[in-house]
Amino acid sequence: MSKRKVMTTYVCPDVDGIGAMYAYAELLRKNGEDAGYYYEGKLKKEAEIILNLFNIKLSPFDLVEEDDDIIMIDNNELNFLPKCIKKEKIVEIIDHHVRCNWIDEFPNIKCQIEFIGAAATLVAERYKSTGKIPSREAAILMYYGIISNTMNLKIKMTTNRDIEMAEWLKSLVPEINDNITRAIFIKKSEIGDNLEEEMEIGFKNRFVTIKWSIGQLEVANADEFIEKYYKDIQEIMDRVSKENDIDYISTNVMDVLNGYNVLIAGNERTKEMIEENFDDLRFENMKAKSEKFYSRKEIVRVIAEKYKSDK
Ligand SMILES: [Mn+2]
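870 is the number that the numbering used here gives the last residue of the sequence shown; the numbers go up by one with no jumps.
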């Protein structure tokens, strides 16, 4: 008998992680396999908004069993996984983040890592190419996985494949429309008490030789938001960099409605390092505005290329 397949992703997943896991488990079940998903931590706010809005209930496995085959989705960094996941049990990876070197030691893992807007795009393509139609829930979650990760198909790393899959998924679900999408973006940008949690900045990136971390905030009006929270953002970066021994720290504020980003540097050396690596990011009072709509992933990719570690 074939083993149970368990999708999992980083702790505290976003709607792309959830959508890709949900949909891929469903696709495997359509193919007669025993499959489901498991995650730990609180879902990202936007994922909660979407689940509530469309009245979708998740039913993850309660726990991972010794014998389960693990499929890693929307993540290939072992440190971000729930602690109960053993790397020896991983049989497949579907992701769109920078590829970690540990995978080299496991040549049997079926691995699809592509630099594309969303992991959900990769799963949607597997439906489309095999002529399978996702359920309403899987289609909604994949659609918003793509919309969320590409900031409504606007960021630089959005590919035609993301656009095509988003269009296809949208055509399957009449409830999806642009007004709902706009409402989701506005609602998710109401950040107040949980600024630090939303920034996701409390850890060092491990695949580079420098001590660096970058946070991200996705808001409805970046300029206004920064005016209101600039001091708080700087205080958080200052404390987090001391607590975690981080040298280079910054926060990328993305304006999801108007399509630009503002990178805030936490100190002088970060500002200099970013200017050295990005021709079009120039700081004024620790802030660099760009019409290119850089996402954190794209910034991380440039930095990872430059300061590669062998680990
Ligand atoms: Mn993703």
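Glycine residues also receive a C-beta, built at the ideal position from the N, C-alpha and C atoms.
Is the beta carbon of residue i sitting closer than 8 Å to the one on residue j?
i	j	result
Ile773	Ile858	yes
Ala678	Ile653	yes
Glu759	Met710	no
Lys886	Asp628	Not covered by the structure: residue 886. The range shown for the chain is 560 to 870.
Phe762	Val815	no
Ile608	Lys746	yes
Met701	Val732	no
Trp771	Ile862	yes
Gly825	Ser849	no
Ala606	Val570	no
Leu612	Ile735	no
Arg841	Asp806	no
Ile644	Ala579	no
Lys687	Val767	no
Leu610	Arg685	no
Val657	Arg860	yes
Could you tell me which residues DSSP pairs with residue i in its beta bridges?
i	result
Trp771	Tyr807
Val815	For Val815, which the question treats as bridged, DSSP gives no partner whatsoever.
Asn820	Met813 and Ser849
Ala679	Per DSSP, none; premise fails for Ala679.
Tyr597	Thr567
Leu776	Val812
Lys867	Val767
Glu843	Lys846
How about residue i: is its Cβ closer than 7 Å to a heavy atom in ligand 1?
i	result
Gly576	yes
Asn590	no
Asn635	no
Asn711	no
Asn811	no
Ala742	no
Asn708	yes
Ala677	yes
Which one of the options has the shortest CA to CA distance from residue i?
i	options	result
Phe665	Lys648, Val861, Glu755 and Phe613	Lys648
Met845	Met796, Asn803, Ala863 and Val815	Met796
Asn803	Lys787, Phe613 and Asn764	Asn764
Lys729	Met710, Ala697 and Glu756	Ala697
Asn614	Arg695, Met724, Arg658 and Ile745	Arg695
Tyr597	Lys589, Ile577 and Arg588	Ile577
Val821	Ile805, Asn811 and Thr829	Asn811
Arg720	Ile705, Gly825, Phe639 and Glu734	Ile705
Tyr583	Glu607, Thr689 and Ile609	Thr689
Leu640	Pro572, His655 and Ala824	Pro572
Arg843	Arg588, Ile823, Ile662 and Pro693	In the sequence as presented, Arg is not what sits at residue 843; that position holds Glu. Nearest option by C-alpha distance: Ile823.
Glu673	Cys659, Gln793 and Ile785	Cys659
Glu599	Ser618, Asp593, Arg588 and Phe852	Ser618
Arg588	Leu610, Glu605, Thr568 and Lys564	Lys564
Tyr819	Ala742, Lys604 and Ser854	Ser854
Asp663	Glu684, Pro693, Glu636 and Ile675	Glu636
Lys604	Val650, Arg860 and Ile750	Ile750
Met813	Lys851, Glu835 and Arg828	Lys851
Ile785	Ala847, Asn836, Ile833 and Arg741	Ala847
Lys865	Ile833, Leu840 and Glu723	Ile833
Glu592	Met566, Ser800 and Lys646	Met566
Gly676	Tyr581, Asn836, Val623 and Glu723	Glu723
Asn780	Asn817, Arg685 and Asp626	Asn817
Tyr789	Lys801, Ser800, Glu755 and Ile769	Glu755
Lys646	Asp839, Ile692 and Thr568	Thr568
Glu624	Ala594, Glu651 and His656	Ala594
Return yes when at least one heavy atom of ligand 2 lies under 7 Å from the C-beta of residue i, else no.
i	result
Tyr866	You won't find ligand 2 in this model; what it holds is ligand 1.
Self-check item: Length-filtered (3 minimum) beta strand (DSSP E) runs lying within the stretch 608-640
Solution: Runs of beta strand (DSSP E) with 3 or more residues, each lying fully within the stretch 608-640, are found at 628-632, listed in chain order.
Exercise. At 4 residues or longer, and completely inside the stretch 692-752: list those alpha helix (DSSP H) runs for me, N to C.
Key: Runs found: 695-708, 719-731 and 737-747.
Quiz item: Which ranges does the beta strand (DSSP E) cover as unbroken runs of at least 3 residues, wholly within the stretch 645-672, from first to last along the chain?
Solution: The beta strand (DSSP E) runs of length 3 or more contained entirely in the stretch 645-672 are, from start to end of the chain, 649-654 and 669-672.
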